[in-house]
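Reading through the structure tokens given below for one structure.
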Amino acid sequence: MSRVLATIASTVALGAALLAVPGSATAGNCGKFAGSAVIATGDIPCRKAKAIVKEYLKLRRASIQGYDCKGSSKRVYCSTPGKSIRWKK
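Read left to right, the sequence shown gives residues -4 to 84 (my numbering).
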């Protein structure tokens, strides 16, 4: 019986450890940037998504790092086939 409990405890501990380890943080809510959340879909690292939004807000170019971007100082939308980045203040 103690073996079973030890196995269950180690499995739970391993699962908790895997959830606690930060990964590459791709896709989904990438956290706050300039007071609002950056949302990335597709295989985009959060660091890159935030950098693209920051660069667009600074330069206002239609193409940033291979992404087609549009927006204003309150909204940014950038995309490339299969990937998109959204930010709304």
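Every residue gets a Cβ at the ideal spot worked out from N, C-alpha and C, and that includes glycine. Since this is a predicted model, take the numbers as computed values, not measurements.
How about residue i and residue j: are their beta carbons less than 8 Å apart?
| i | j | result |
| --- | --- | --- |
| A32 | G26 | yes |
| G37 | G66 | no |
| I39 | Q60 | no |
Could you tell me if residue i is buried or exposed, where buried requires 16 or more neighbouring beta carbons within 10 angstroms of its beta carbon?
| i | result |
| --- | --- |
| K45 | buried |
| C73 | buried |
Measuring only the C-alpha atoms, how far is residue i from residue j?
| i | j | result |
| --- | --- | --- |
| N24 | R55 | 23 Å |
| G18 | R81 | Because G18 carries a pLDDT of 41, less than 50, the predicted location of this residue cannot be relied on, and no value is offered for it. |
| K69 | E50 | 14 Å |
Give a single yes or no on whether residue i has its beta carbon closer than 7 Å to a heavy atom of the ligand HEM.
| i | result |
| --- | --- |
| A32 | In the structure on display, the ligand HEM does not appear, and there are no ligands present to speak of. |
For the beta strand (DSSP E) that contains residue i, what are its first and last residues?
| i | result |
| --- | --- |
| K49 | Not the beta strand (DSSP E): K49 falls in the alpha helix (DSSP H), residues 41 to 54. |
| K69 | Counting along the chain, K69 falls outside any beta strand (DSSP E), and DSSP gives it neither H nor E. |
| K84 | Per DSSP, K84 belongs to no beta strand (DSSP E) and is neither H nor E. |
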